[in-house]
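Residue numbers (the numbering used here), protein chains in the order written: chain A, 431 to 532; chain B, 3 to 90; chain C, 48 to 371; chain D, 236 to 401. Below is one structure, written out as structure tokens, with a few remarks after it.
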Amino acid sequence: MISSLVNIASILFVVAGAFFFLAGTVGLLRFPDVYTRLHSLTKADNTGLGLVVVGLAIQSGSVLAALKMILAWLFVLVSGATAAHLISTTALKGGIRVWRKE
Amino acid sequence: MNTFFTIVAGFLLVNIAAGLVRVYRGPSPADRMLSAQLFGTTGVAILLLLSQSLSTPALVDAALVLGLLAAVAVVAFVTRIPQNERDE
Amino acid sequence: MSFAGLALDGLLALSLPILAWRTLAARDLYRAAILFITFGVILALAWARLGAPDIALAEAAIGAGITGALLLNTVGGLSRRNGGDDDERPDEPTDRVGRPWTTRLAVAIPVTILAVGLGWAVLSLPAPTVDMPSLVGEAIAEGEVSHPITAVLLDYRSYDTFLEIGVLLLAALCVWSLGLSAVRGEAPEAVAKSPVLAGFVRLLAPAMVVSGVYLLWAGTSQPGGAFQAGAVLGALGVVMVLTGLLAPSLGRGSIIRAGLALGFSVFLLVGVAAMLATGGFLEYPAGFEYGLILAIEFFLTFSIALTLTALFTTVPPREKKEGA
Amino acid sequence: MLPQYFTRRAALHALVFSGLWLLLTGGDFGTWYLGAVAVAAATVVSIRLFPEGPGWRWTVGGTVRFAPFFVRQSISGGFDVALRAIRPSMPLDPELVEYETSLENPTALAFMANVVSLLPGTLGTEVKGRRIVIHSLVGARRATDGARDLETRVADLFGLSREGSA
């Protein structure tokens, strides 16, 4: 009973995570300039990974294993935000203009 | 349950494949770099899913290393690739 | 195997050769570098599916991490040399690569021969004549460590790692002999002075050190080991050179040279000493295996990390400390 | 006074890195001999790379107040950008906003610039002195309001008193 509840919760979290990854990819392809694409890189994918980690963590059955996966998420969070900052600063300095609505 | 995780892993791999269109189109070097960074994040998620579905805890270590080193290439990109100063 | 697993494997098997082809056929070197990083990520996933988590780990560290930085670094260096004239700068940051048919042919012939040879080798693979499982079982009975992976890795991996550190050392010497100019970060001021970059390194450096030593320890009972640990610490060295925290000459020449040779030397010394004691090269006396191997791997990790950083900066260390 | 402070800081760092080591090894205390090497090396690296004092304290109360805010905001940030990407009309009206913070501490400033990127509709780009250039999808007004709110919370988290925070 409990294990099937855990399974359902796990499936919900992982599916929600996969949805955010999909949205991130759609943003990567549809958004008009490098800055808007960076929005989808930092937010959609990190939320997606966070949800996948939660879904897997409640499956793992060990607190330490769950914490280790959360640690992996934190590493990605830090490097994702830093990468977005560095890439957007370089793009601004490189003279890539901000896309504006017509 | 393991089949479900494998399916999601496959779905995320398709996401990477679709994202390659952005690498192909660019147009700026920054666009290509950010796509590669995105694939790294997706790769971490796939490795975590595979670690569960294949019951291989060591793959969590691989995901950890991938996450830890994901930004190294970005640091190399911003410090080594010259950016064109375009006219405003 | 489930259908889902088969589909995932098929997707991996399909995307790897396509990515490899696109990487080689890319219009310019920068795109090729980006595609290579992606290739590294997918390759790590493929190794994970093939049940080789240790290679997946190495590929994540080397392929997606440090090789990507190495290639981007090279692309940056090349476009600096070629794009001196500001008006002539192409839209892309790198030169277009011309590929005359002679070059293509010169590459295509050996590659085709290799591919055919490999295909033939795989198809004509004989039934294994060496009974690996029973050999491993014997080794476990002889050795001190009980975990089968531990025993195999520690007893048989020695030669492998020994040759790897030798090759790396030779590569560093070859790069030094080319007389290239020193690599240093040349970020625009807004990036170099950004507190975000400094904060990132501040956070990352100790995490990489702890993770690196963890991988070294992990190698004794699960995937991991000196090479993976060295790759993580080498990546840290690369980031520190690029952000200007470490001079490209790395430090005092004699100390750096000694550090590069340390892993190889300790390995050789222990191996020879073991030969004098037990009669076989790298055959450790009973009861000392675990400690000896861990000590060797420790020094190897240090040397591998230092060698990777030295390979990246491309200049031999000076005898006197720079700026002292 | 200074040496005492230095060792306290080193001890604190060592404690954090020991926690990281135990987490990675799965709580294996039998690995203390290598763990000690790892923790010592990491502590030396972190103190040697940045010898100047931090100028801030990590406050427990601030962390407890910050964590739920962070989780809530990053989920809503993810939702916001996901909806923008998937809706056929793709509502985007980007503009660049400069926000001047009163945070002087570089670590707090870097932390803030990074977290701005995880809030709904805002992306922290260039940091010029104490000004953060924000690329906003939600207009200048909401970006500034969000940044001001975040600034207060970051100051709370780092135990900094904002100058002129009236």
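From the three backbone atoms N, C-alpha and C, an ideal C-beta is built for every residue, glycine too.
How about residue i and residue j: are their beta carbons less than 8 Å apart?
i	j	result
residue 38 (chain C)	residue 107 (chain C)	Within the shown structure, residues of chain C are numbered from 48 to 371, placing residue 38 (chain C) beyond reach of any answer.
residue 482 (chain A)	residue 454 (chain A)	no
residue 43 (chain B)	residue 459 (chain A)	no
residue 83 (chain B)	residue 29 (chain B)	no
residue 328 (chain D)	residue 531 (chain A)	yes
residue 245 (chain D)	residue 256 (chain D)	no
residue 457 (chain A)	residue 474 (chain A)	yes
residue 333 (chain D)	residue 366 (chain D)	yes
residue 17 (chain B)	residue 451 (chain A)	yes
residue 338 (chain D)	residue 389 (chain D)	yes
residue 348 (chain D)	residue 243 (chain C)	yes
residue 69 (chain B)	residue 502 (chain A)	yes
residue 110 (chain C)	residue 87 (chain C)	yes
residue 112 (chain C)	residue 74 (chain B)	yes
residue 521 (chain A)	residue 352 (chain D)	no
residue 248 (chain C)	residue 293 (chain C)	no
residue 489 (chain A)	residue 445 (chain A)	no
residue 360 (chain D)	residue 509 (chain A)	no
Just tell me which of the options has its CA closest to the CA of residue i.
i	options	result
residue 40 (chain B)	B:76, B:6 and B:59	B:76
residue 306 (chain D)	D:317, D:354, D:334 and D:345	D:354
residue 63 (chain C)	C:277, C:335 and C:82	C:82
residue 253 (chain C)	D:242, D:333, D:312 and D:276	D:276
residue 234 (chain C)	C:289, C:343, C:116 and C:160	C:289
residue 279 (chain D)	D:260, D:304 and D:252	D:252
residue 357 (chain C)	C:248, C:147, C:323 and C:229	C:229
residue 301 (chain D)	D:346, D:369 and D:258	D:346
residue 272 (chain C)	C:103, C:50, C:49 and C:61	C:103
residue 68 (chain C)	C:274, C:168, C:348 and C:158	C:158
residue 364 (chain C)	C:150, C:224, C:85 and C:66	C:224
residue 438 (chain A)	B:11, B:12 and B:7	B:7
residue 325 (chain D)	A:442, A:461 and A:467	A:461
residue 232 (chain C)	C:217, C:266, C:251 and C:285	C:285
residue 154 (chain C)	C:217, C:353, C:118 and C:71	C:71
residue 338 (chain C)	D:266, D:310, D:249 and D:384	D:266
What would DSSP say about residue i, mapped onto helix, strand or coil?
i	result
residue 363 (chain D)	strand
residue 477 (chain A)	helix
residue 227 (chain C)	coil
residue 315 (chain C)	helix
residue 134 (chain C)	Note that residue 134 (chain C) has pLDDT 42, beneath the 50 cutoff, so the model's placement of it is unreliable and the number below is only indicative. Note: residue 134 (chain C) maps to coil in three-state DSSP.
residue 362 (chain C)	coil
residue 301 (chain C)	helix
residue 210 (chain C)	helix
residue 256 (chain C)	helix
residue 62 (chain C)	helix
residue 526 (chain A)	coil
residue 373 (chain D)	coil
residue 391 (chain D)	helix
residue 75 (chain C)	strand
Ordered along the chain, which non-local residues of its own chain (more than five positions away) have a Cβ less than 7 Å from that of residue i?
i	result
residue 62 (chain B)	50 and 53
residue 45 (chain C)	Residue 45 (chain C) cannot be examined here, being either before or after the span of chain C that is shown, 48 to 371.
residue 279 (chain C)	108, 255, 258, 259 and 262
residue 511 (chain A)	472
residue 360 (chain C)	229, 230, 288, 295 and 297
residue 310 (chain C)	212, 346, 347, 349, 350 and 351
residue 274 (chain C)	105, 208, 211 and 351
residue 466 (chain A)	529
Closer than 8 Å by C-beta to residue i: which residues in its own chain qualify, once you throw out the five before and the five after it? Chain order, please.
i	result
residue 463 (chain A)	526, 527, 528 and 529
residue 55 (chain C)	96
Tell me which same chain residues have a C-beta within less than 6 Å of the C-beta of residue i, skipping the five on either side of it?
i	result
residue 209 (chain C)	314
residue 227 (chain C)	361
residue 133 (chain C)	The pLDDT assigned to residue 133 (chain C) is 45, lower than 50, so where the model puts this residue is not dependable, and the model offers no usable value.
residue 344 (chain D)	338
residue 382 (chain D)	334
May I ask whether a heavy atom of the ligand GDP can be found less than 7 Å away from the beta carbon of residue i?
i	result
residue 449 (chain A)	For the ligand GDP, the structure offers nothing, since it holds no ligand at all.
message = Which runs of the beta strand (DSSP E) at least 3 residues long sit entirely within the segment 80-111 of chain C? Give them in chain order.
response = Counting whole runs of 3 or more residues, the segment 80-111 of chain C contains no beta strand (DSSP E) stretch at all.
request  = Return the chain-ordered ranges of every beta strand (DSSP E) run that is complete within the segment 280-363 of chain D and spans a minimum of 3 residues.
outcome  = Within the segment 280-363 of chain D, the complete beta strand (DSSP E) runs of at least 3 residues are 330-335 and 357-363.
message = Please give the ranges of any beta strand (DSSP E) in the segment 245-281 of chain D, keeping only runs that are unbroken, at least 3 residues long and fully inside the region.
response = Listed in chain order, nothing qualifies, since the segment 245-281 of chain D has no complete beta strand (DSSP E) run of 3 or more residues.
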